[in-house]
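Residue numbers (my numbering): 25 to 90.
So this is what it looks like as structure tokens:
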């Protein structure tokens with residue numbers, strides 16, 4: 025059994041999906057910029073996931089921090 029969205033709901037879903045893709049692209053750009061700033065300043069590539077960056081204090085620790 026298939027159910028279909030109303031045309032109004034389908035349009036909303038499509039618009040939200042487009043927005044989601046735009047926000048995902050913006051988030052990736054922001055994350056890349058953050059990695060570049062840290063790497064330019066410290067030489068550490070925090071994108072590997074092996075580093076924890078405390079954005080409140082600026083501390084960078086190897087490994088995951090709680």
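Backbone N, C-alpha and C define an ideal beta-carbon position, used for all residues, glycine too.
Keep in mind the model is a prediction, meaning the values are calculated, not measured.
Presumed contact (8 Å Cβ cut-off) between residue i and residue j, rounded CB distance
{"i": "residue 37", "j": "residue 43", "result": "So it is not a contact: roughly 11 Å between Cβ atoms."}
Where the beta strand (DSSP E) containing residue i begins and where it ends
{"i": "residue 84", "result": "84-86"}
{"i": "residue 12", "result": "Only positions 25 to 90 of the chain appear in this structure, which leaves residue 12 out of reach."}
Extent of the continuous alpha helix (DSSP H) run through residue i
{"i": "residue 40", "result": "31-66"}
Residue i versus the options, residue with shortest Cα-Cα distance
{"i": "residue 70", "options": "35, 27 and 56", "result": "56"}
{"i": "residue 72", "options": "40, 32, 78 and 86", "result": "86"}
{"i": "residue 74", "options": "66, 80, 84 and 31", "result": "84"}
{"i": "residue 61", "options": "41, 47, 34 and 82", "result": "82"}
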